[in-house]
Structure formats: structure tokens, C-alpha cells
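A.B. asks:
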Amino acid sequence: FPSKFPTLATTIFAKMSAMAAEHGAVNLSQGFPDFRPPQELLKCIQRHIDSHTHQYAPMPGLPTLRQSIAEMHRRTHNIQIDPDTEITITAGATQALFAVIATLVHPGDEVIVLAPSYDSYVPAIELMGGKGVEIPLSSDFSLPTLEIQKAISPKTRLLIVNNPHNPSGKILSAAEMHFLENLAKANPHLIFLFDEVYQHIVFDGLRHLSAITYPELRKRAACVYSFGKSLNATGWKIGYIVANEPLTREIRKIHQYEVFAVNSFMQAALAEYLPDFDPSVLVTHLQAARNYLQTLLSETRFKPISTQGSYFQLYDYSEISDLDDVLFTEWLVKEVGVALIPISVFYKNPPKNQRIVRFCFAKRNETLQLAAQRLKNL
Ligand code: PMP
Ligand code: GLN
3 FPSKFPTLAT
13 TIFAKMSAMA
23 AEHGAVNLSQ
33 GFPDFRPPQE
43 LLKCIQRHID
53 SHTHQYAPMP
63 GLPTLRQSIA
73 EMHRRTHNIQ
83 IDPDTEITIT
93 AGATQALFAV
103 IATLVHPGDE
113 VIVLAPSYDS
123 YVPAIELMGG
133 KGVEIPLSSD
143 FSLPTLEIQK
153 AISPKTRLLI
163 VNNPHNPSGK
173 ILSAAEMHFL
183 ENLAKANPHL
193 IFLFDEVYQH
203 IVFDGLRHLS
213 AITYPELRKR
223 AACVYSFGKS
233 LNATGWKIGY
243 IVANEPLTRE
253 IRKIHQYEVF
263 AVNSFMQAAL
273 AEYLPDFDPS
283 VLVTHLQAAR
293 NYLQTLLSET
303 RFKPISTQGS
313 YFQLYDYSEI
323 SDLDDVLFTE
333 WLVKEVGVAL
343 IPISVFYKNP
353 PKNQRIVRFC
363 FAKRNETLQL
373 AAQRLKNL
């Protein structure tokens, strides 16, 4: 049978985690914590396992969970979201992204993607017959405003924005959000997909400016979230989409035939837990982990690139090696015993001579220490 993607490789996360296991390396590649989700949440899930009916959830998600999510956004951003018509529970953010892209992208449509970008966007766009138009972010990972404006054509259907940004940890400023709002006003045919999976993970007292809080964007955006990230439980694969009523109606047409509904007892448990969820506990923990990694590596020739949020810290390794980042990370995992992510895989056209790798610091101190010990003589 003909392959739909003859040249598409296996995702870097599967590749690096498999190599880490094979070579007994410390795995700082794929973005997942090696500490447990909150104990209260685990107890709550256990109670629901014991009492739940264990049958299908309603197609858009349990009403109680959608209400808890709307309430959480009201608490954090003082915004009203209608849980019945504007929230859909998904199998993680990956399925949410896929459902939104499948809903909006028609054959021949162009989608602007800001590189480096999360690896699932472009394959989903291409599967729908669309074209990913890659615009590199500026060298400090801020929005390249002129280039974005120039790239918008009558065929541009969608602009995908990831904030906080994976892999750089960059958070969009008020001026950048204002630019996007003006872009929406000036281009009535343009729709936005905001990937805000790291919405809670913001450091140094900064604030995440959610697209939902900007009326012009909210009218024309789908926003995607993941409980995996906010609850230290990436294996649960539960997320959600916030979009206005007409867009949600269309997204659900796709969602119902992609998965129909998501794990029901987990939804019931999350609905009960969310009113007690305090993101500041997670933020304090992860900020300390980021700082600890920076301290541990300060004696090496890895040069940190500032990170403001997410699980990730980029490092420039050009003083250590001339290898390109794919070869460098393959060498590191095999010979040094530390698995990292080469960021060139997040581009269609990676910048020449960029020597940058991504560390995931959502790890226990012992894990970071072990990695640093292995890296200290580089
Ligand atoms: N978007 C970004 C930017 C991510 O880093 C990830 C990975 N966690 C996802 C989407 C997918 O999230 P999930 O694991 O909930 O599918
Ligand atoms: N989002 C995670 C990362 O960036 C990985 C998700 C996955 O494995 N697909 O590392």
C-alpha cells in the first residue's frame, strides 16, 4: 500500500526515550516529570475507581469536569467560558490539536507555523491536504512580527501559536499578544490555534497571557490544554479545547469519530480535584528544578538560554562540539549516558550551525545530579 508519509520519521520523543532505555542513560529528553502527581489527586482517583460505573462518558466530556475547567479559568484569568458549548474534553493535547486542525484545514489551505514548533502540528496539517508555512521565530524566540505579516496570504487559514513555548520556554509579552490581536482584526479570514499546554508553568513572577482573555482572539481561536502538564501526569492523556460555540460544534463533529469520548472515571476524579488545584505548588517546584539544573551545569561549557516557563531549558553547546545537534545527542546518549532533544527536529529548515539542545528539568534533584555528573567533564 502507498505510504501517506514516505519520508516521515518516528517522533524524536519515541526515538530518544528508546535510546535512553537501551543505553541506560539519564532521560532528560521527552518532556515528562519523574516525580508523582499530587497525592490528594491519586486518592481522589482511587475513590472514583471504586465508585464509578466505568462506562462511556458523554461525547464532549463529563459536564462536571467542563464546569470545573470553566471555574478554574475564571479563578486564574477572570474569564467566563460556557462549559456546555465552549469546552470539549480530549485525549490529551495531541488529539485536541489534531481535531482542531482536521476541523479547520481544507486541501490547499496554508497554516503558519512558528519554528521551532511542536512536532505534531505539520503532519496533521499535511494529512488534511494543507501546507505548513514555516516562519522562524526571532533569535530570542520572540514573534517575528514583520515576517508573520508578510506570510499571510488569502490562502492562510490558521496561525498556530504555542505559549509558553516548547522548546524555548519563551512566554509571549503583552506587546506580542497585542500584535496578534491586531493581526486578527486586520485579517478576518485568519483563525488562531493557541497551544497553551504549559499555561500554569510560568516562572520568575511572570504571567501567562492567555489568548482567551483577548476578545478579538477569543472570537477566532481554538485554545488547547493538557492535564498531563499541569498535574505531573503525562501518561493520563487528558486535555481539552476551549473555542467559541460555532467552532466547538464543528470540532465535536471530528472529535466524536476520532475517540468519541475520553476515560470516564479520570474525568470524574479531575472534576472533583480541580477546585483544590493550586498551580503555585507546581510552579515553585519546577522553578527550583530549573534553577538547580542551571547551577549544576554552570561549571560546564553548556551555555543556558533564558527560559521563562514550561518543562524545558535550552543550552548552546557550541563550545563543546562541532557535531550537529542530532549527531551530538546520539553521541551523548550512547557515550555519556544523558538523553536530550536536538531542536533542529522542530524545524523544516533548521538554521545552519545552530548548536542547541533541549533539557527537560521536570525531574527529581537526584536525576538532575546524575545527569550533571555525567556531563561535568565535557
Ligand atoms: N503541545 C505541546 C507544546 C507539548 O509540549 C505537548 C507535549 N506535552 C503537547 C502539545 C501534547 O500534550 P499531550 O501529552 O497532552 O498530548
Ligand atoms: N510534549 C513532550 C515533549 O515535548 C513529549 C510528548 C510526546 O512524547 N509526544 O517532550
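Quick note, the sequence shown lines up with residues 3 to 380 if you use the UniProt record's numbering. Every residue, glycine too, gets a C-beta built ideally from N, C-alpha and C.
#1: Does the pairing of the region 26 to 44 with the region 366 to 373 give three or more beta-carbon distances under 8 Å?
#2: Compute the beta-carbon to beta-carbon distance between S228 and G241, rounded to the nearest angstrom, for a pair I have assumed lies under 8 Å.
#3: With a threshold of 8 Å on Cβ separation, who are the neighbours of V328 within its own chain once the five nearest residues in sequence on each side are excluded?
#4: What does the alpha-carbon distance come out to for the pair E252 and G131?
#5: Confirm the yes/no value for this check: CB of A95, any heavy atom of the ligand PMP, distance under 7 Å.
#6: Answer yes if the region 143 to 156 comes into contact with the region 90 to 99, meaning at least three C-beta pairs across the two stretches below 8 Å, and no otherwise.
#7: Provide the residue span of the alpha helix (DSSP H) that contains T297, from first to last.
#8: Tell me the DSSP secondary structure of E198 in three-state form.
#9: Is G33 near the ligand PMP - that is, is its Cβ less than 7 Å away from at least one heavy atom of it?
#10: Using C-beta distances below 6 Å, list every residue in its chain close to A223, excluding the 5 sequence neighbours before and after it, in chain order.
#11: Taking the C-alpha atoms as reference points, what is the distance between S320 and I127?
#12: I need the straight-line Cα distance from M179 to E24, nearest angstrom please.
#13: By a C-beta neighbour count over all protein chains shown, 10 Å radius and 16 as the cutoff for buried, is W333 buried or exposed?
#14: Between T13 and the ligand GDP, is there a pair consisting of the residue's CB and a ligand heavy atom that are separated by less than 7 Å?
#15: Mind the definition here: the region 110 to 117 touches the region 296 to 314 only if three or more C-beta pairs lie below 8 Å; say whether that holds.
#16: At what residues does the beta strand (DSSP E) containing E112 begin and finish?
#17: With a 10 Å radius around its C-beta and 16 neighbouring C-beta atoms as the bar for buried, classify A341 as buried or exposed.
#18: If we count Cβ pairs, one from each stretch, closer than 8 Å, do we get three or more for the region 32 to 48 versus the region 267 to 276?
#19: Please classify Y259 as buried or exposed, where buried requires at least 16 neighbouring CB atoms within 10 angstroms.
#20: Between the C-alpha atoms of T9 and H54, what's the straight-line distance to the nearest angstrom?
#21: Quick one: what does DSSP say Q315 is sitting in, helix, strand or coil?
#22: Within the same chain, show all residues whose beta-carbon is closer than 7 Å to that of residue 385, passing over the 5 residues directly before and after it, in chain order.
#23: What does a CB cutoff of less than 8 Å around H159 pick up in its chain, not counting 5 residues either side in sequence?
#24: According to the neighbour-count rule (16 or more other Cβ atoms, all chains shown, within 10 Å of its Cβ), is G230 buried or exposed?
#25: Cα-Cα, which of K239, V338, N234 is closest to V226?
#26: Do you know offhand how far I173's Cα is from G339's?
C.D. replies: Straight from the coordinates:
#1: yes
#2: Locating residue 228 in the sequence shown gives position 226, where the first residue counts as 1. Locating residue 241 in the sequence shown gives position 239, where the first residue counts as 1. Contact holds; Cβ gap of about 4 Å.
#3: Against the sequence shown, residue 328 aligns to sequence position 326. Same-chain partners within the cutoff: P344, S346, V347.
#4: On the sequence shown, position 250 is the one that residue 252 refers to. On the sequence shown, position 129 is the one that residue 131 refers to. Their backbone Cα atoms lie some 18 Å apart in a straight line.
#5: Position 93 of the sequence shown, counting from 1, holds the residue named residue 95. Correct: A95 has its Cβ closer than 7 Å to the ligand PMP.
#6: In this structure the region 90 to 99 does not touch the region 143 to 156; the number of beta carbon pairs closer than 8 Å is below three.
#7: Within the sequence shown, the letter at position 295 stands for residue 297. Unbroken alpha helix (DSSP H) run through T297: 281 to 299.
#8: One-based indexing of the sequence shown puts residue 198 at position 196. DSSP places E198 in coil when its eight states are reduced to three.
#9: For the purposes of this step, residue 33 is taken as the residue at position 31 of the sequence shown. Checking the Cβ of G33 against the ligand PMP gives yes.
#10: Start at 1 with the first residue of the sequence shown, and residue 223 comes out as number 221. Counting only Cβ-Cβ distances below 6 Å, and skipping sequence neighbours, we find F194, F196, A213.
#11: On the sequence shown, position 318 is the one that residue 320 refers to. On the sequence shown, position 125 is the one that residue 127 refers to. Straight-line Cα distance between these residues: approximately 33 Å.
#12: Along the sequence shown, one-based indexing puts residue 179 at 177. Along the sequence shown, one-based indexing puts residue 24 at 22. Answer to the nearest angstrom: the Cα atoms are 43 Å apart.
#13: Counted from its first residue, the sequence shown places residue 333 at position 331. W333 comes out exposed.
#14: Although the ligand GDP was asked about, the structure shown includes only the ligand PMP and the ligand GLN as ligands.
#15: no
#16: Within the sequence shown, residue 112 is the residue found at index 110, counting from 1. It spans 112 to 117 - the beta strand (DSSP E) in which E112 sits, taken as one unbroken run.
#17: What you label residue 341 is simply residue 339 of the sequence shown in a count that begins at 1. Label assigned to A341: buried.
#18: yes
#19: As a position in the sequence shown, residue 259 is number 257, starting the count at 1. Exposed is the call here.
#20: By one-based count along the sequence shown, residue 9 stands at place 7. By one-based count along the sequence shown, residue 54 stands at place 52. The alpha-carbon atoms of T9 and H54 are separated by roughly 45 Å.
#21: Along the sequence shown, one-based indexing puts residue 315 at 313. Of the three classes helix, strand and coil, the one that applies to Q315 here is strand, per DSSP.
#22: The question about residue 385 has no answer here: the residues shown for the chain are numbered 3 through 380.
#23: Start at 1 with the first residue of the sequence shown, and residue 159 comes out as number 157. For the sequence presented, residue 159 should be read as Arg rather than His. Around R159: L106, V107, H108, D111, E112, V113, G132, H191, L192, I193.
#24: For the purposes of this step, residue 230 is taken as the residue at position 228 of the sequence shown. G230 comes out buried.
#25: Residue numbering aside, residue 226 sits at position 224 when the sequence shown is read from its first letter. Ranking the options by Cα distance to V226, first place goes to K239.
#26: Locating residue 173 in the sequence shown gives position 171, where the first residue counts as 1. Locating residue 339 in the sequence shown gives position 337, where the first residue counts as 1. Going by the C-alpha atoms only, they are around 31 Å apart.
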